[in-house]
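*Asks:* Let me begin by handing over the structure; questions about it come next.
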Amino acid sequence: MRGHDWAIVEVEKRISFGSDVTPICLPKTGMYYTKLLTVPGWGRSYSTVHNSRQSKIRISVFNESGPLIHEIPMRVDRQCRRPWSDKLPSDADDYICAKSMDTSNYSAPRTCHGDSGGGLEYRDDFGRAFLIAITSFGTRGCPSNMLARFTRVDAYLELICKYTGVCY
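Quick note: the sequence shown uses the working numbering, first residue -8, plus one each step.
Shown next as structure tokens:
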């Protein structure tokens, strides 16, 4: 069973690659990645504000999405367990889970509202970027110690080939 949380978008004009815009590779089927993964996103970020009168009080707030992209370091959780808020069937096989690199730090970067649709990127030893997965959703409130769900790109390589002609 699959969750099918992905899309192919066709653009009218050719994309001009340069120092700020670079291509990303599709993954190989069953590609294994153990290093740091990165999610670029425009979603909400989290910060802790210290009250100046009583330094012991902290006010935690989600910042609205900003115009600048931020990078979120993540790691795959191979023992992925379905979060309580996850409504996707437990037997769906087209996803991976990842979480913050620092799960004990509630201010650590992690995916949040507005990051959906962004890529989960892996860089190999040669610096090549691979689109491992697509940000789908996470646990309500975006806690750093909870898993976020990503749709695996390698599960759809045959369909990508069929509809785009990009096959390998």
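Beta carbons: idealized from backbone N, C-alpha and C, even for Gly. A quick note: this is a predicted structure, and the numbers were derived from the prediction, not measured.
Relative to the C-alpha of Ile15, which residue among Gly118, Thr126, Tyr23 and Ala(-2) is closest?
*Replies:* Out of Gly118, Thr126, Tyr23 and Ala(-2), Gly118 has the C-alpha closest to the C-alpha of Ile15.
*Asks:* Return yes when the Cβ of Ala120 is within less than 8 Å of the Cβ of Ala89, no when it is not.
*Replies:* no
*Asks:* Taking all protein chains shown into account, decide if Glu149 is buried (16 or more other Cβ within 10 angstroms of its Cβ) or exposed.
*Replies:* exposed
*Asks:* Less than 8 Å between C-beta atoms, sequence neighbours within five positions excluded: which residues of the same chain meet that for Tyr147?
*Replies:* Trp(-3) and Asp85
*Asks:* Gly161: buried (16+ other C-beta within 10 angstroms of its C-beta) or exposed?
*Replies:* With the chain covering -8 to 159 only, the question about residue 161 has no answer from this structure.
*Asks:* Specify, as a first and last residue, the run of the alpha helix (DSSP H) that Tyr154 falls within.
*Replies:* Leu148 to Thr155
*Asks:* Using DSSP bridges, identify the partner residues of Gly110.
*Replies:* Per DSSP, Ile125.
*Asks:* Can you grab the Cα-Cα spacing for the pair Lys26 / Arg143, in whole Å?
*Replies:* 17 Å
*Asks:* Any idea which residues DSSP pairs Ala120 with across the strands?
*Replies:* Arg114
*Asks:* Looking at the strands, I want to know which residues DSSP matches up with Cys158.
*Replies:* In DSSP, Cys158 forms no bridge with anything.
*Asks:* Give the single residue among Cys158, Glu1, Val67 and Phe128 whose Cα lies nearest to the Cα of Thr29.
*Replies:* Taking the Cα of Thr29 as reference, the smallest distance to any Cα among Cys158, Glu1, Val67 and Phe128 is reached at Val67.
*Asks:* Who are the near neighbours of Cys158 in its chain, counting only those whose CB is closer than 7 Å to its CB and skipping five residues on each side?
*Replies:* Cys152
*Asks:* Within 10 angstroms of its Cβ, does Asp145 collect 16 or more other Cβ (buried), or is it exposed?
*Replies:* buried
*Asks:* Output the distance between the C-alpha atoms of Gly9 and Thr126, rounded to the nearest integer angstrom.
*Replies:* 25 Å
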